[in-house]
Structures are given as C-alpha cells and as structure tokens.
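In this text, residue positions in the sequence shown follow the numbering used here: the first is 2, and each later residue adds one.
Each residue gets a CB set at the ideal place from its N, CA and C atoms; glycine is no exception.
Worksheet: one structure, shown below.
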Amino acid sequence: VCSSDLSYGIGIALGALIGGKISKERIEYGLIPFGAIGFAILSSFLGLVQPKIPGTVATLICMGMFSGMLIIPLQSLVQWRAPVGERGAVIALSNALNIGGMIIGSMAAAAMAYLGLDLKETLIASSLFVVGATIWSIKLLPEALTRLVFVILTNTFYKIRIIGQENIPKEGGALLVSNHLSALDAFFVLASVDRPVRFLLSHKHFAKWWLKPFALAMDAIPVPFDEEPEQVKIALKAAARHLKRGHLVCV
Numbered sequence: 002v003c004s005s006d007l008s009y010g011i012g013i014a015l016g017a018l019i020g021g022k023i024s025k026e027r028i029e030y031g032l033i034p035f036g037a038i039g040f041a042i043l044s045s046f047l048g049l050v051q052p053k054i055p056g057t058v059a060t061l062i063c064m065g066m067f068s069g070m071l072i073i074p075l076q077s078l079v080q081w082r083a084p085v086g087e088r089g090a091v092i093a094l095s096n097a098l099n100i101g102g103m104i105i106g107s108m109a110a111a112a113m114a115y116l117g118l119d120l121k122e123t124l125i126a127s128s129l130f131v132v133g134a135t136i137w138s139i140k141l142l143p144e145a146l147t148r149l150v151f152v153i154l155t156n157t158f159y160k161i162r163i164i165g166q167e168n169i170p171k172e173g174g175a176l177l178v179s180n181h182l183s184a185l186d187a188f189f190v191l192a193s194v195d196r197p198v199r200f201l202l203s204h205k206h207f208a209k210w211w212l213k214p215f216a217l218a219m220d221a222i223p224v225p226f227d228e229e230p231e232q233v234k235i236a237l238k239a240a241a242r243h244l245k246r247g248h249l250v251c252v
C-alpha cells in the first residue's frame, strides 16, 4: 500500500510539472480530457492485465502523471471562472465535492468487497466507471481536446513568441482579425490564446472529411462565400451571437 501510494504521489508531482510546462502562462484546459483519457486507459490496463510489482509501480506512476496534468488546469479554472465575490465559497464547494467523491469511492470499494468481488473484478469495475466519466468529460469539452492537439503540433514544429497577449481580454466577447497567411493561421491563434475561439471558416474547407470533425468540435462557423449574400449574412449573424455570449470570434 505504501509503495503504491508513493508511486502514485510521484506520478502526480511529475504530471503537475509537465502540465505547468505545457500550460506556461496560460490555463491549458485541453489537459483535462487528455489526462482523463490517459487515466482511463491505464486504469483499464491495471484491471485487465494486473502486471507484476515493477509493472504495477510503473503503471501507477503514469496514472499519477495523467492525474497531475488533469488537476492543474481543473483547479485553475475553478479559481479563474469563479465570481470574485464568491470565489472562496466556490473553492470550498470544490474541495467538499472532492472529499465526497473519495468517501463514495471508498464506500463503493467496500461494497464490492462485501459482495465477494476479488481485486481484479474490483479494478475492472472501477476502470469502467473511469471510462464512463472520461467519455462524459470529452462530450463536455470536445473543443478542449482538439485545441490541445493543435497546440502540441504547433509548438512541436514552430518556436512561437507571443507579443501583446495582454491585449486579448480575459473575459467578454471580442473579434480577432488574423493576417491570413496560410491554413496554419488557426493553429497559431489557438496556441497563443488560452480562451476558446470560434473561427469563421469557408464552407468548402468545413466540408472536407478530414477537417469537419475538428471544425465541429471547435464549433467553427461555416461561411458560404460563393452563395447568395443572404446565406453569408446568416453565418455573420451566428458569429454575432457568439460575440454577444462573450466568446472570442476569429476572422
């Protein structure tokens, strides 16, 4: 038990460092579904395979790393998004929910042991719950995971230097106008801004089979430039609605 706690704790510390390295000066909320996916895969592996002690230790360290990468942006978002006058109450509620979840988890493990489930069956049942929670988190934050993929790809192939980031409002609607140089413009915008961005996208690009899933996840707005002006107006009205809701819209 001590070695498993130690392994998991080391993993959390490493994951927190990696999450901070990836996030830099921003809150990289794409790490939330990414960490959940990694944790779900490894918890399933632990239940189905049940490796020997060295493999178990390595798996627990990796599970802790994914947990650490998940915790950093999640806790940061709770503090950032909470109303200033109610921030203490929101953080207290978050801690209460965390403790409540641990209590429920312990009670569920005790109930499974009482019903006669062995360790493997208990781990598999727990991993199924984690997989379900992961699918739920991806449905809640599809754009976050898509954004993280783009950010990682952009920073892998390019060295980005951000100037004037303080001009991007932390909240409220704003229109971003990109100096359109290539199809990679959207990637660079995403890598530079820590808020969700709704992109105006040509409907021809929107309809491409390899791009459409990402465009839908990012809630992009297709614009039929070669259609009647009324159709273009409909797309522009959709962009205006996003602005009124306090979103960033990029042209």
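Pairwise C-alpha distance: residue j and residue i
| i | j | result |
| --- | --- | --- |
| residue 8 | residue 65 | 8 Å |
| residue 20 | residue 201 | 30 Å |
| residue 179 | residue 204 | 18 Å |
| residue 23 | residue 126 | 32 Å |
| residue 168 | residue 62 | 40 Å |
| residue 251 | residue 14 | 36 Å |
| residue 40 | residue 229 | 49 Å |
Candidates the options, of which the one nearest residue i by Cα
| i | options | result |
| --- | --- | --- |
| residue 16 | 68, 164, 80 and 5 | 68 |
| residue 55 | 85, 101 and 5 | 5 |
| residue 217 | 63, 84, 121 and 148 | 148 |
| residue 195 | 14, 28 and 11 | 28 |
| residue 81 | 49, 52, 30 and 121 | 30 |
| residue 132 | 51, 199 and 34 | 34 |
| residue 249 | 182, 37, 122 and 198 | 198 |
| residue 227 | 206, 245 and 142 | 206 |
| residue 1 | 71, 50, 239 and 233 | Lying outside 2 to 252, the shown extent of the chain, residue 1 is not represented and no answer is given. |
Paired residues, beta bridge with residue i - DSSP
| i | result |
| --- | --- |
| residue 253 | No statement about residue 253 is possible, as the shown extent of the chain runs from 2 to 252 and does not include it. |
query: Considering only residues of the segment 159 to 201, which uninterrupted alpha helix (DSSP H) runs meet the minimum length of 4 residues and lie entirely inside it, listed in chain order?
result: 186 to 193
query: On the three-pair Cβ rule with 8 Å, is the segment 42 to 55 touching the segment 92 to 103?
result: no
message: What ranges does the beta strand (DSSP E) occupy inside the segment 210 to 234, keeping only unbroken runs of at least 3 residues that lie completely in it?
response: 222 to 224
message: Just to confirm the assignment: which complete alpha helix (DSSP H) runs, minimum length 4, are found wholly within the segment 36 to 108?
response: 54 to 82
- prompt: Are the segment 112 to 131 and the segment 158 to 175 touching, with three or more C-beta to C-beta distances below 8 Å?
  reply: no
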